Each structure stands twice: as structure tokens, then as C-alpha cells.
């Protein structure tokens, strides 16, 4: 359904309630829901955020290089 379109939402709900077996079948395929678990999504998001971080930066925001100087933000320099 289209977001913020109540009429379209009602149309889709009626379609699902009118033929629930059709919509349940989609979820009965083996392995389909495995990619929708919190664990699976966490792996995906971890990969996305890891690629966005600069090299050598850990997930906690700390530089993982021993003895490295902490990051600094220069304002007005």
C-alpha cells in the first residue's frame, strides 16, 4: 500500500483478509524468514556501518591503533 493513503491501506487489508491462504503461502517457503531475524539484520547493518567508518576506526569510535593520537576537532582554525 502507499504510505499515508488510508484508502489504499484499507484496500490491501481487505485483499489479505479475503484470501489469507495466498498471503500465508509466501511465508511458508523454507529459509525466507531467516534473513528477517534481528541477528541477520544486525549483521547487515554492522557491515554497512563498518564500511562507513574510516579505516582503523572501531565500532565504538575509538582508534584501534595502539598509541594513536585521539581525534581532534579544530574550530575556527
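Residue numbers (the working numbering): 73 to 149. Ideal placement from N, C-alpha and C gives every residue a C-beta, glycine not left out. These numbers were taken from a predicted model, which means no experiment stands behind them.
Determine the direct distance from the alpha carbon of residue 122 to that of residue 111, and round the result to whole angstroms. 16 angstroms
Can you check whether the CB of residue 88 is closer than 8 angstroms to the CB of residue 95? yes
By Cβ distance, which residues of its chain are closer than 6 angstroms to residue 74, with the 5 residues on each side in sequence left out? 80
Spatial neighbours of residue 105 within its chain, please: CB distance less than 7 angstroms, with the 5 preceding and 5 following residues excluded, ordered by chain position. 99
Taking just the CA atoms, how far does residue 86 sit from residue 103? 28 angstroms
Where does residue 103 fall in DSSP's three states? coil
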